[in-house]
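Residue numbers (our numbering): 1 to 349.
Using N, Cα and C, we set each Cβ at its ideal position, and we do this for glycine too.
Here's the structure we're looking at; comments come further down.
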Ligand SMILES: [Zn+2]
């Protein structure tokens with residue numbers, strides 16, 4: 001059972017009130033989640049029935065604006081938004097904050113949310129320069145998210161909630177039922193990179209539950225999920241850290257027991273065999289999607305071809321997205337690949 005912390009007036013006051021972009025989502029009452037293909041980075045767009053929008057991470061900054069343009073296409077042409085209400089950085093690696101500034105240069109962004117901007121980053125000597133455009137786009141007024149915070153999203157008839165469950169290495173209180181998989185934890189060497197400090201967000205819409213953990217790594221996953229499971233079971237899981245095996249600790253993945261999983265991998269990054277093996281062990285898993293074929297793996301060792309959005313190598317890739325769309329009462333959801341894809345329906349657990 002999740003107990004959402006009460007939103008303090010102080011925290012609420014940090015958020016600019018926006019009218020939302022009433023185009024998208026509005027009308028059909030559905031909550032949409034787009035996993036944009038950024039070739040092994042991450043970029044997830046959420047649009048609520050109220051037309052409120054969030055981008056979690058923004059892909060790589062180079063390659064001639066490739067990832068920026070793919071994200072803008074979803075925001076402007078697919079979701080038909082008029083502005084982006086919340087732009088989140090899960091952590092300070094370039095495949096996650098690479099285009100926040102360049103998107104903001106072309107499209108109105110209302111709130112910037114992150115884990116706090118460090119002065120320096122051990123693994124990236126050029127970080128101060130790299131983060132400068134973000135500082136300037138956010139006018140140095142980005143909001144710091146901490147574990148236990150609630151991101152206030154507007155609800156309609158079906159309540160929407162978003163809780164920060166990890167940030168800056170901290171995790172929410174370890175309440176809940178005992179995690180039956182806790183004894184399977186085998187610690188990895190300490191991860192001193194910013195991955196371990198990723199923001200993780202749990203989105204709820206009625207009974208529907210979606211979890212997105214950025215690049216959170218193994219030992220922090222265990223810290224969150226041991227000895228008790230404070231998150232319970234979820235419906236839709238974005239495989240953590242592009243499906244790399246430095247993340248997706250079975251202690252977490254098996255306890256979450258998702259029904260559907262989407263891995264935001266690239267042709268040669270992520271969707272590792274160990275992660276896929278863990279996902280295949282998930283008791284309730286009904287479908288596994290990948291943004292890319294892992295060109296290093298055999299067909300039988302990854303998601304079925306019908307569930308892979310992009311089969312080509314990066315040079316020839318058209319960047320097809322995966323979309324999950326939750327019914328207005330939250331009781332079921334569809335997943336489809338690209339605008340022409342067939343939508344498969346899944347019941348909310
Ligand atoms: Zn990453």
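Beta-ladder partner(s) of residue 324, from DSSP: On the chain shown, residue 324 is found 324 positions in, with the first residue counted as 1. Answer is 33, 335, bridged to residue 324.
Inter-residue Cα distance where the pair is residue 142 and residue 329: One-based indexing of the chain shown puts residue 142 at position 142. One-based indexing of the chain shown puts residue 329 at position 329. Distance between the alpha carbons of residue 142 and residue 329: 33 angstroms.
Cβ-heavy atom distance, residue 242 to ligand 1, below 7 angstroms: Residue numbering aside, residue 242 sits at position 242 when the chain shown is read from its first letter. For ligand 1, at least one heavy atom lies less than 7 angstroms from the Cβ of residue 242.
Backbone secondary structure at residue 136 - three-state DSSP: Residue mapping note: residue 136 aligns to position 136 of the chain shown, counting from 1. If DSSP states are grouped into helix, strand and coil, residue 136 belongs with the helices.
Same chain, Cβ closer than 6 angstroms to residue 101, five either side skipped, listed in chain order: By one-based count along the chain shown, residue 101 stands at place 101. Here the set comprises 133, 134, 137.
Three-way DSSP call (helix, strand, coil) for residue 300 in this model: Here the question's residue 300 lines up with position 300 in the chain shown. The answer is helix: DSSP assigns residue 300 an H, G or I state.
Same chain, Cβ closer than 6 angstroms to residue 24, neighbours up to 5 away in sequence not counted: The residue labelled residue 24 in the question sits at position 24 within the chain shown. No answer about residue 24 holds up, because its pLDDT of 47 lies below 50 and its placement is not dependable.
Proximity below 8 angstroms, CB of residue 43 to CB of residue 67: As a working note, residue 43 is residue 43 in the chain shown. As a working note, residue 67 is residue 67 in the chain shown. The answer is yes: Cβ separation under 8 angstroms.
Proximity of residue 96 and residue 57 at Cβ, strictly below 8 angstroms: Translated into the one-based positions of the chain shown, residue 96 becomes position 96. Translated into the one-based positions of the chain shown, residue 57 becomes position 57. Yes, these two residues count as a Cβ contact at 8 angstroms.
Stretch-stretch touch, CB-based, cutoff 8 angstroms, three pairs: the segment 81-90 with the segment 180-191: no
Within 8 angstroms, strictly: CB atoms of residue 222 and residue 251: Residue mapping note: residue 222 aligns to position 222 of the chain shown, counting from 1. Residue mapping note: residue 251 aligns to position 251 of the chain shown, counting from 1. With respect to the 8 angstroms criterion, residue 222 and residue 251 are classified as neighbours on the basis of their beta carbons.
Under the three-state DSSP convention, the category residue 172 falls into: Within the chain shown, numbered from 1, the residue matching residue 172 stands at position 172. Here DSSP, grouped into helix, strand and coil, assigns residue 172 to coil.
Distance cut-off 7 angstroms: residue 41 Cβ against heavy atoms of ligand 1: Within the chain shown, the letter at position 41 stands for residue 41. Indeed, a heavy atom of ligand 1 lies less than 7 angstroms from the Cβ.
Residue 201 versus residue 272 - alpha carbon distance: Working through the chain shown from its first residue, we reach residue 201 at position 201. Working through the chain shown from its first residue, we reach residue 272 at position 272. Answer to the nearest angstrom: the Cα atoms are 23 angstroms apart.
DSSP three-state assignment for residue 63, whether helix, strand or coil: Working through the chain shown from its first residue, we reach residue 63 at position 63. Here DSSP, grouped into helix, strand and coil, assigns residue 63 to helix.
Own chain, CB closer than 6 angstroms to residue 39, minus 5 neighbours either side, in chain order: As a position in the chain shown, residue 39 is number 39, starting the count at 1. Cβ neighbours of residue 39 beyond the five flanking positions: 266, 314.
The segment 148-159 in contact with the segment 116-129 per 3-pair CB rule at 8 angstroms: no
Residues near residue 238 by beta carbon distance below 6 angstroms, same chain, minus five either side: Taking the first residue of the chain shown as position 1, residue 238 is located at position 238. Excluding its 5 nearest sequence neighbours in each direction, residue 238 has C-beta neighbours in its own chain below 6 angstroms: 212, 262, listed in chain order.
Collapsed DSSP secondary structure at residue 24 in the structure displayed: Residue mapping note: residue 24 aligns to position 24 of the chain shown, counting from 1. Unreliable placement is indicated for residue 24, whose pLDDT of 47 sits below 50; no coordinate value is reported for it.
Candidates 112, 198, 283, of which the one nearest residue 254 by Cα: Position 254 of the chain shown holds residue 254. Nearest option by C-alpha distance: 283.
Contact test: residue 100 Cβ vs ligand 1 heavy atom, cutoff 7 angstroms: Taking the first residue of the chain shown as position 1, residue 100 is located at position 100. False, no ligand heavy atom lies under 7 angstroms from that Cβ.
Close-in-space but distant-in-sequence residues of the same chain around residue 347 (CB under 6 angstroms, 5 per side omitted): Here residue 347 is taken as the residue at index 347 of the chain shown, counted from 1. Excluding positions up to five away in sequence, the list reads 332.
Environment of residue 53 [buried if 16+ CB atoms lie within 10 Å]: As a working note, residue 53 is residue 53 in the chain shown. Residue 53 is buried by the Cβ-count criterion.
Near ligand 1: residue 215 beta-carbon under 7 angstroms from a heavy atom: The residue you call residue 215 lines up with position 215 of the chain shown. Checking every heavy atom of ligand 1 against the Cβ of residue 215, one is found closer than 7 angstroms.
DSSP-derived helix/strand/coil call for residue 290: Start at 1 with the first residue of the chain shown, and residue 290 comes out as number 290. Note: residue 290 maps to strand in three-state DSSP.
Heavy atom of ligand 1 within 7 angstroms of residue 292 beta-carbon: The count along the chain shown starts at 1 and reaches residue 292 at position 292. The answer is no for residue 292.
Residue from 192, 231, 236, 232 whose Cα sits closest to the Cα of residue 218: Position 218 of the chain shown holds residue 218. Closest by alpha carbon: 192.
Residues of its chain near residue 341, where Cβ-Cβ distance is below 7 angstroms and the 5 sequence neighbours each way are ignored: Walking along the chain shown from the start, residue 341 turns up at place 341. Cβ neighbours of residue 341 beyond the five flanking positions: none.
Rounded distance between the beta-carbons of residue 149 and residue 171, thought under 8 angstroms: Stepping through the chain shown from its first residue, residue 171 is reached at position 171. Stepping through the chain shown from its first residue, residue 149 is reached at position 149. That pair is no contact at about 12 angstroms.
Residue 124: CB within 7 angstroms of a non-hydrogen atom of ligand 1: Looking up residue 124 in the chain shown gives position 124. No, since every heavy atom of ligand 1 falls outside the 7 angstroms radius drawn around the Cβ of residue 124.
Pairwise C-alpha distance: residue 206 and residue 162: As a first step, residue 162 must be located in the chain shown, where it is residue number 162. As a first step, residue 206 must be located in the chain shown, where it is residue number 206. Distance between the alpha carbons of residue 162 and residue 206: 12 angstroms.
Host beta strand (DSSP E) of residue 220 (start-end): As a position in the chain shown, residue 220 is number 220, starting the count at 1. That residue, residue 220, is in no beta strand (DSSP E); its alpha helix (DSSP H) goes 218-225.
For residue 97, the first and last residue of its enclosing alpha helix (DSSP H): Sequence index remark: in the chain shown, residue 97 carries index 97 (1-based). Residue 97 -> alpha helix (DSSP H) spans 94-97.
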